[in-house]
Amino acid sequence: MPGTKRDETARLSRGFSWLAALGVILVIAGLIGLFYTAFATLTSMLLFGWLLLIGGLVGLLHAVQARGTNFFWLGVVVAALNIAAGVVVLKTPDAAAEALAMFAALLFLAGGLFRLVGALVVRGPQFGWTLVQGAFGLLLGILVLGTWPSSSQYVIGTFISLALLFDGLGLIATGYGGRRVVGLVTERLTTEGDHGASGKGRNTSGT
Numbered sequence: 011m012p013g014t015k016r017d018e019t020a021r022l023s024r025g026f027s028w029l030a031a032l033g034v035i036l037v038i039a040g041l042i043g044l045f046y047t048a049f050a051t052l053t054s055m056l057l058f059g060w061l062l063l064i065g066g067l068v069g070l071l072h073a074v075q076a077r078g079t080n081f082f083w084l085g086v087v088v089a090a091l092n093i094a095a096g097v098v099v100l101k102t103p104d105a106a107a108e109a110l111a112m113f114a115a116l117l118f119l120a121g122g123l124f125r126l127v128g129a130l131v132v133r134g135p136q137f138g139w140t141l142v143q144g145a146f147g148l149l150l151g152i153l154v155l156g157t158w159p160s161s162s163q164y165v166i167g168t169f170i171s172l173a174l175l176f177d178g179l180g181l182i183a184t185g186y187g188g189r190r191v192v193g194l195v196t197e198r199l200t201t202e203g204d205h206g207a208s209g210k211g212r213n214t215s216g217t
C-alpha cells in the first residue's frame, strides 16, 4: 500500500514538473513576442485565421451530420461565417490586426470610462484602485487610437505575448508549488513507513 502511494506521488511530481516545463516554454515565447511584436502580431493573426477556418469546417461537418433537424441551417450559417472570416483573416492579416486593434481600443475606452464613472458615483471601499484602473484603461485606449493604424502592428502581439508570459509564470508557480507539496507528502509517507517498520520489528523481538 505505501508503495502504491509512493508511485502515485511520483506520478504527481512528474506531472507538476511537466507543468513547470510548459510554463518555461510559454515564458520564453512571451519574451520573444515582446521583443518581436510585429512578428507576434502576424503570427497571432494567422493562427486566429486558421482556427476560424478549421472551426468552420468542423462546424459544417457537424451541421451536415445533423441534417434534418432544426440545428442544420443554424449550424450551416455559423460555419459559413467562420470559414469566411478565416479566409479574410488569412488573406489580409494586416487589415484584421487593424480591426482588432481598433476594437481593443474601443473596449479600453468604454471599460475605462465605465470604471471612472462608477468609481466617482459609488465611491466604495475600492475607490482608489477602481479609479486607477479606469484611468489606465482610458489612457491605453487613447494611446492606441492616437497612433492607429500603425499601433496595430504591435498592440495584438504585445497583448498576446504578455498573456503568454503571465500564464507561463502562473504554470511555473503551480508546478513548483505542487512539487513541494508532493515532496512533503512523500516525506511523510516515508516517515510513517519507517515508523511502521520499526514498530513491527519491536513486536517481533518482544514475541
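Quick note: to get the working numbering, add 10 to the position in the sequence shown (first position is 1).
Backbone N, C-alpha and C fix where the C-beta goes; we use that ideal spot for every residue, glycine too.
- Of the candidates ALA31, PHE45, GLY151, ALA89, GLY151 places its Cα closest to the Cα of LEU116.
- The beta carbons of GLY85 and PHE118 sit no closer together than 9 angstroms.
- In the DSSP assignment, SER54 falls within the alpha helix (DSSP H) that extends over 47-75.
- Taking the C-beta atoms as reference points, SER54 is found no nearer than 9 angstroms to ARG189.
- Excluding five sequence positions before and after SER162, the CB atoms of its chain that fall closer than 6 angstroms to its own CB belong to ALA107, GLU108, ALA111, given in chain order.
- Per the coordinates, the alpha-carbon of PHE49 lies some 20 angstroms from the alpha-carbon of LEU62.
- In chain order, ALA89 place their CB closer than 6 angstroms to the CB of LEU70, counting only its own chain and leaving out the 5 sequence neighbours on each side.
- In the displayed model, THR79 falls within coil according to three-state DSSP, outside both helix and strand.
- In the three-state DSSP reduction, TRP158 falls in the coil class, being neither helix nor strand.
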